[in-house]
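Quick note on numbering: the sequence shown equals residues 144 to 353 in our numbering.
Have a look at the structure below, then the notes.
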Amino acid sequence: MPDFQTLMLFSIACLALTATPGPDMLLIASRSVSQGRSAGFASLAGIQTGTYIHALAMALGLSQLFLIVPLAYDIVRYVGAAYLLYLAIQVFRSSGQSAFPAPDTQRYAVAEMFWQGLLTNLLNPKMVLFVLALFPQFVRPEAGSIAVQILVLATVLNLIGLLVNGIVILMASHMGLMFAGRSRFRRASQLFLGTVFAGLAVRLLLEERR
144 MPDFQTLMLF SIACLALTAT PGPDMLLIAS RSVSQGRSAG FASLAGIQTG
194 TYIHALAMAL GLSQLFLIVP LAYDIVRYVG AAYLLYLAIQ VFRSSGQSAF
244 PAPDTQRYAV AEMFWQGLLT NLLNPKMVLF VLALFPQFVR PEAGSIAVQI
294 LVLATVLNLI GLLVNGIVIL MASHMGLMFA GRSRFRRASQ LFLGTVFAGL
344 AVRLLLEERR
């Protein structure tokens, strides 16, 4: 179990990272604006579940595959970009529909947002490298089980992410509700979401491994 000082230092690092606008925050915000608070939190839940999976993979040594086999990194990168482009096409095709789903489709929509957030996170190889770069700096072999320490750190990262992105979700969804009755806004918000997906896909394709 990491000691208090280690957890505090890690928390400060996580706060600085999560408070800096990035792909995850942009995706969550655009989801919240276009489809409401539930969609935003569902996307965040999927992303944070992916963080736990990445942490477990690191604890089991599977993440080292990206360092040993460079081709594995590129395969995941291309698959992730293809998935994001698919989501962008789906959003663009439905951009004329209401931004906020009807009550009888809300449960399905929320589940769909969760799985999209999870897959988006899992298919982002930069997340693997992020975990590999940050977490080992705060793991101490003498502090007990390495796997337990990694999961504790992942929990701290997710809690801080919930705080920061939760504020973003509430603000973005409030903005969406303010303009929900305007057809131009509904279309613009969906187009914005599709553009975010497409932009993330292009960004993933153009990024080089560091």
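Cβ atoms here follow ideal geometry from the backbone N, Cα and C, with glycine treated the same way.
The shortest C-alpha to C-alpha distance from residue 182 to any of 260, 157, 217 is the one to 260. Sequence-distant partners of residue 293 (beyond 5 residues in either direction) whose C-beta falls short of 7 Å from its own C-beta, in its chain, are 198, 201, 202, 278, 282.
Under the three-state reduction of DSSP output, residue 162 falls in the coil class, being neither helix nor strand. The beta-carbon separation of residue 337 and residue 175, rounded to 15 Å, does not stay under the 8 Å limit for a contact.
Take the alpha-carbon of residue 186 and the one of residue 302: they are about 15 Å apart. Exposed is the label assigned to residue 147, since fewer than 16 other Cβ atoms lie within 10 Å of its Cβ. Exposed is the label assigned to residue 254, since fewer than 16 other Cβ atoms lie within 10 Å of its Cβ.
Straight through space, the alpha carbons of residue 155 and residue 162 are spaced by roughly 11 Å. Separation of the CB atoms of residue 221 and residue 297 is rounded to 26 Å, and the pair is thereby denied contact status at 8 Å. A direct Cα-Cα distance of roughly 32 Å separates residue 165 from residue 288.
Contact annotation: residue 304 and residue 218 have beta-carbon atoms that are not nearer than 9 Å.
Residue environment analysis places residue 171 among the buried positions, since at least 16 neighbouring C-beta atoms fall within 10 angstroms of its C-beta.
The beta carbon of residue 152 lies closer than 8 Å to those of 281 in the same chain, with the five residues before and after it left out. Under a 10 Å Cβ-count criterion, residue 211 is classified as exposed, with fewer than 16 other Cβ atoms of the shown protein chains found around its own Cβ. The beta carbons of residue 257 and residue 159 sit no closer together than 9 Å. Within 10 angstroms of the beta-carbon of residue 300 lie 16 or more other beta-carbons, which makes it buried.
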